[in-house]
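Visitor: Residue numbers (my numbering), protein chains in the order written: chain G, 1 to 304; chain R, 305 to 673.
Glycine included, C-beta positions come from ideal geometry on N, C-alpha and C.
Structure, rendered in structure tokens:
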């Protein structure tokens, strides 16, 4: 392989991985934007979403097959189920804490993540669960660059979901209400917006996106594990902060940057893959030092 | 006040419930294995095998005229959990401990057992880093990384392999194996094209796979555990890597085939002797199957032997005094085993290597040589 081939291959890897991170970061950033809560359980919702998709697929496979149709239907059902789980978690664990100091709710989020993780550990006994999808290894070859159909579909689905969310937030009435709540919760309530409903919708959408990513990860990588949400939760958080936490285009940009940094970081001569996370977290620190609001974040303006 | 009473009552109850474990007419054996976490299946297999051995020893009259019982300390394949588990076992008055699966988790426990003067027999962990940390009470009955690397290089040479990519996860076991392989492989004038370290729990290996396929080595050697190894093997084959793929003993698990699927066909594993490949282990495998309704896992054979060895050492020393037991173990020439005779080097490692080569065929491991 020439340098050019390596470059294009790593670019492709970066985009696939990046759109994954972006999809998870999106839910993270949206919840933060509206409720100002760092939902540390987001990575675990991704994990539980993967298992939910697996469960649905094992019921559906005899009827629609284990191919992409089955995965698509399971993904949709898992999104709905985990969306409701997100709403329940919000109602049970976060809603009573919304007016408490920020630190309390942060710790509650950590507790929720531990509950989900250990719950799944008990259910699966810590075993890896093979995701029984048969997606095939086909793809398109352009010179030395091989793009599998799986990768295309993965990036495509992620792009559609991100675009859909962006349209929902910018064009619909609920989206406008979400933005209003994000700016000022109390004022929004005075203007007749049902703040609790808006928060529920936010959690539903955020959790559903995590479940979509989890199901796609299960189908794409072929196995599920109770601890798989931890690392990706950390990466999604990093992506959201790099892009500007609270900003939807920022989460997408941050995810892509992170994915590309990791791919190219692996290939750098003389340093190797053990340094790739160092690059990602160095960029995080640089962003926090030089533009604390993130690349696309806007500084908060206090108006009197 | 009522809360104080409640707490006190709770404490009394807890102590009372804990008491039967310390009954005076039995000797307690500690089992330190991961029963949670990524390596939990291995750990449970090992604990089962030790308990099977204890049953047989008890039926034959026990040790020093007393029956044996066991208590498990879960090390979770994690250094911090392992320290907790070791402290718990040391505090519960065990006469000896069988266990140690993950080297990274086992190393910090050596000092705890050493301070408490408890003999430890390690059936699985085999990083050479355990040797300098050993305060003198730990015996390794699994061949060490040095033996495994020698076996791996011998195999690669036999297959005409000239260049290899080595991938580990940065933990004591896999890094030790990777470093030793690199050192010995390069010393023999061969080439290491990639030396990569990946994160445990990472799902996407595409960047590493591209780095490897672009260098196109004759073989890839994964020195860490099966769970992430399965994903790596799958992604290597998906991206068209044609060369030989080899894995260390930490990846010898039927689970690898579940995760990697057909991509695991032809994968080579270097492994300690497991029950299914040893004719003399048939009785053990049958007894295990009958009791636990499952096939014995890869480290069950050595765990069973470890327990037999410990019982023999206690009986031969004629006391539970650890200095005497350790002295007996050091001089052991123990042949009542299923994995082969056990005797120790001055470093308290196995005197004679017992590694075998396995090959993935039809979704299962088969003996290659």
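1. Using a Cβ cut-off of 8 Å, which residues of the region 99-132 of chain G contact any Cβ in chain R, in chain order?
2. Rounded to the nearest angstrom, how far is the Cβ of residue 222 (chain G) from that of residue 565 (chain R), given a contact under 8 Å?
3. Identify the continuous alpha helix (DSSP H) that holds residue 398 (chain R) and give its terminal residues.
4. Please tell me whether residue 83 (chain G) and residue 219 (chain G) are closer than 8 Å, where the distance is taken between their beta carbons.
5. Between residue 50 (chain G) and residue 217 (chain G), what straight-line distance do the alpha-carbon atoms span, to the nearest angstrom?
6. Do residue 521 (chain R) and residue 498 (chain R) come within 8 Å of each other at the CB atom, strictly closer than that value?
7. Just mark residue 92 (chain G) as buried or exposed, buried being the case when its beta carbon has 16 or more other beta carbons within 10 Å.
8. So residue 333 (chain R) and residue 374 (chain R) are in contact, right, with Cβ under 8 Å, and what is the actual spacing, rounded?
9. Check whether the Cβ of residue 302 (chain G) lies closer than 8 Å to any Cβ atom in chain R.
10. From which residue to which residue does the beta strand (DSSP E) around residue 275 (chain G) run?
11. Can you give me the start and stop residues for the alpha helix (DSSP H) that residue 167 (chain G) sits inside?
12. For chain G, is any of its Cβ atoms less than 8 Å away from the one on residue 326 (chain R)?
13. Are any of the Cβ atoms in chain A nearer than 8 Å to that of residue 252 (chain G)?
14. Does DSSP put residue 501 (chain R) in a helix, in a strand, or in coil?
15. Assuming residue 273 (chain G) and residue 476 (chain R) form a contact by the criterion Cβ under 8 Å, report the distance between their Cβ atoms to the nearest whole angstrom.
16. Would you call the CB atoms of residue 411 (chain R) and residue 651 (chain R) closer than 8 Å?
17. Between residue 88 (chain G) and chain R, is the shortest Cβ-Cβ distance under 8 Å, so that the two count as touching?
18. Could you tell me the boundaries of the beta strand (DSSP E) in which residue 472 (chain R) lies?
19. Do residue 52 (chain G) and residue 116 (chain G) have their beta-carbon atoms positioned less than 8 Å apart in this structure?
20. Under 7 Å between beta-carbons, which chain G residues line up against residue 345 (chain R)? List them in chain order, please.
21. Under 7 Å from any heavy atom of the ligand MG, does the C-beta of residue 568 (chain R) make it?
22. Count the other CB atoms, across all protein chains shown, that sit within 10 Å of the CB of residue 197 (chain G); report buried if there are 16 or more and exposed otherwise.
23. Put residue 130 (chain G) into one of helix, strand or coil per three-state DSSP.
24. Take every Cβ of the region 447-455 of chain R, pair it with every Cβ of the region 655-664 of chain R, and state whether three or more of those distances are shorter than 8 Å.
25. Hey, would you say residue 212 (chain G) sits closer than 8 Å to residue 22 (chain G), going by beta carbons?
26. Under 6 Å Cβ to Cβ from residue 663 (chain R), same chain only, skipping five residues before and after it: list those, please.
27. Comparing the C-beta of residue 173 (chain G) with each C-beta of chain R, is any distance below 8 Å?
28. Provide the residue(s) that pair with residue 490 (chain R) in DSSP beta bridges, ordered along the chain.
29. Which bits of chain G does residue 501 (chain R) rub up against, with CB to CB less than 8 Å?
30. Does the pairing of the region 370-388 of chain R with the region 531-550 of chain R give three or more beta-carbon distances under 8 Å?
31. Using DSSP with H/G/I as helix, E/B as strand and the rest coil, what is residue 371 (chain R)?
32. Residue 518 (chain R) CB to nearest chain G CB: under 8 Å?
33. Looking only at its own chain, which residues have a Cβ that is under 7 Å from the Cβ of residue 78 (chain G), when we skip the five neighbours before and after it?
34. Are any of the Cβ atoms in chain G nearer than 8 Å to that of residue 481 (chain R)?
35. Give the residues of chain R in contact with residue 16 (chain G), contact being defined as C-beta atoms less than 9 Å apart.
36. Could you tell me the alpha carbon to alpha carbon distance between residue 155 (chain G) and residue 551 (chain R), rounded to whole angstroms?
Guide: With the given structure in hand:
1. 121, 125, 126, 127, 128 and 130
2. Position 222 of the first chain, counted from the first residue, corresponds to residue 222 (chain G). Position 261 of the second chain, counted from the first residue, corresponds to residue 565 (chain R). About 7 Å; that satisfies the 8 Å criterion.
3. Position 94 of the second chain, counted from the first residue, corresponds to residue 398 (chain R). Premise fails: residue 398 (chain R) is in no alpha helix (DSSP H) and is neither H nor E.
4. By 1-based counting over the first chain, the position of residue 83 (chain G) is 83. By 1-based counting over the first chain, the position of residue 219 (chain G) is 219. No; because the gap between Cβ atoms is not below 8 Å, this pair is not in contact.
5. The residue you call residue 50 (chain G) lines up with position 50 of the first chain. The residue you call residue 217 (chain G) lines up with position 217 of the first chain. If I take the Cα positions, the gap works out to 7 Å.
6. Locating residue 498 (chain R) in the second chain gives position 194, counting from the first residue. Locating residue 521 (chain R) in the second chain gives position 217, counting from the first residue. Cβ atoms of residue 498 (chain R) and residue 521 (chain R): closer than 8 Å.
7. Taking the first residue of the first chain as position 1, residue 92 (chain G) is located at position 92. Exposed, since its Cβ has fewer than 16 Cβ neighbours within 10 Å.
8. Your numbering for residue 333 (chain R) matches position 29 in the second chain. Your numbering for residue 374 (chain R) matches position 70 in the second chain. Rounded, the Cβ-Cβ distance is 5 Å, consistent with contact.
9. Locating residue 302 (chain G) in the first chain gives position 302, where the first residue counts as 1. The pLDDT assigned to residue 302 (chain G) is 49, lower than 50, so where the model puts this residue is not dependable; a value taken from the coordinates is nonetheless given after this. Not closer than 8 Å to any Cβ of chain R, the Cβ of residue 302 (chain G) fails to qualify, so no.
10. Reading the first chain from its first residue, position 275 is the one you call residue 275 (chain G). Looking at the DSSP string, residue 275 (chain G) is not in any beta strand (DSSP E), and its letter there is neither H nor E.
11. In the first chain, the residue the question calls residue 167 (chain G) occupies position 167. Where residue 167 (chain G) is concerned, the enclosing alpha helix (DSSP H) stretches over 149-171.
12. Counted from its first residue, the second chain places residue 326 (chain R) at position 22. Confidence in residue 326 (chain R) is poor, its pLDDT being 46 and thus under 50, which makes the residue's placement unreliable; the coordinate value appears in the next sentence. Chain G contact via Cβ: absent.
13. Structure shown: chain A not included; protein chains present are G and R.
14. Reading the second chain from its first residue, position 197 is the one you call residue 501 (chain R). Residue state, collapsed to three classes: strand.
15. Locating residue 273 (chain G) in the first chain gives position 273, counting from the first residue. Locating residue 476 (chain R) in the second chain gives position 172, counting from the first residue. In fact, because the Cβ distance is near 19 Å, the residues do not count as touching under 8 Å.
16. Taking the first residue of the second chain as position 1, residue 411 (chain R) is located at position 107. Taking the first residue of the second chain as position 1, residue 651 (chain R) is located at position 347. Going by C-beta atoms, residue 411 (chain R) is not nearer than 8 Å to residue 651 (chain R).
17. Counting from one through the first chain, the residue named residue 88 (chain G) turns up at place 88. So, not an interface residue.
18. Numbered from its first residue, the second chain carries residue 472 (chain R) at position 168. Unbroken beta strand (DSSP E) run through residue 472 (chain R): 467-472.
19. To locate residue 116 (chain G), count along the first chain from 1; it is residue 116. To locate residue 52 (chain G), count along the first chain from 1; it is residue 52. No, Cβ-Cβ distance for residue 116 (chain G) and residue 52 (chain G) is not below 8 Å.
20. On the second chain, position 41 is the one that residue 345 (chain R) refers to. Correct list: 127.
21. Ligands are entirely absent from the displayed structure, and the ligand MG is therefore not among its contents.
22. Residue 197 (chain G) sits at position 197 when you count from the first residue of the first chain. Exposed, by the Cβ-count rule.
23. Locating residue 130 (chain G) in the first chain gives position 130, where the first residue counts as 1. In the structure shown, the three-state DSSP call for residue 130 (chain G) is strand.
24. yes
25. Translated into the one-based positions of the first chain, residue 212 (chain G) becomes position 212. Translated into the one-based positions of the first chain, residue 22 (chain G) becomes position 22. Pairing residue 212 (chain G) with residue 22 (chain G) gives a Cβ-Cβ distance that is not under 8 Å.
26. Here residue 663 (chain R) is taken as the residue at index 359 of the second chain, counted from 1. So the list reads 572, 670 and 672, once near-sequence residues are dropped.
27. Here residue 173 (chain G) refers to the residue found at position 173 when the first chain is read from its first residue. With 8 Å as the cut-off, residue 173 (chain G) does not count as an interface residue toward chain R.
28. Within the second chain, numbered from 1, the residue matching residue 490 (chain R) stands at position 186. For residue 490 (chain R), which the question treats as bridged, DSSP gives no partner whatsoever.
29. Residue 501 (chain R) sits at position 197 when you count from the first residue of the second chain. Ordered by position in chain G, the residues that pass the 8 Å Cβ test against residue 501 (chain R) are 272, 273 and 274.
30. At 8 Å Cβ cutoff, the stretches do not touch.
31. As a working mapping, residue 371 (chain R) is identified with position 67 in the second chain. Residue 371 (chain R): strand per DSSP, three-state reduction.
32. Along the second chain, one-based indexing puts residue 518 (chain R) at 214. Cβ-Cβ to chain G under 8 Å: yes for residue 518 (chain R).
33. Your numbering for residue 78 (chain G) matches position 78 in the first chain. So the list reads 49, 52, 53, 56, 211 and 215, once near-sequence residues are dropped.
34. For the purposes of this step, residue 481 (chain R) is taken as residue 177 along the second chain, with counting starting at 1. No, because no Cβ of chain G sits closer than 8 Å to the Cβ of residue 481 (chain R).
35. For this step, residue 16 (chain G) is matched to residue 16 along the first chain. In chain order: 508 and 510.
36. Residue 155 (chain G) sits at position 155 when you count from the first residue of the first chain. Residue 551 (chain R) sits at position 247 when you count from the first residue of the second chain. Approximately 32 Å, taken between the alpha carbons.
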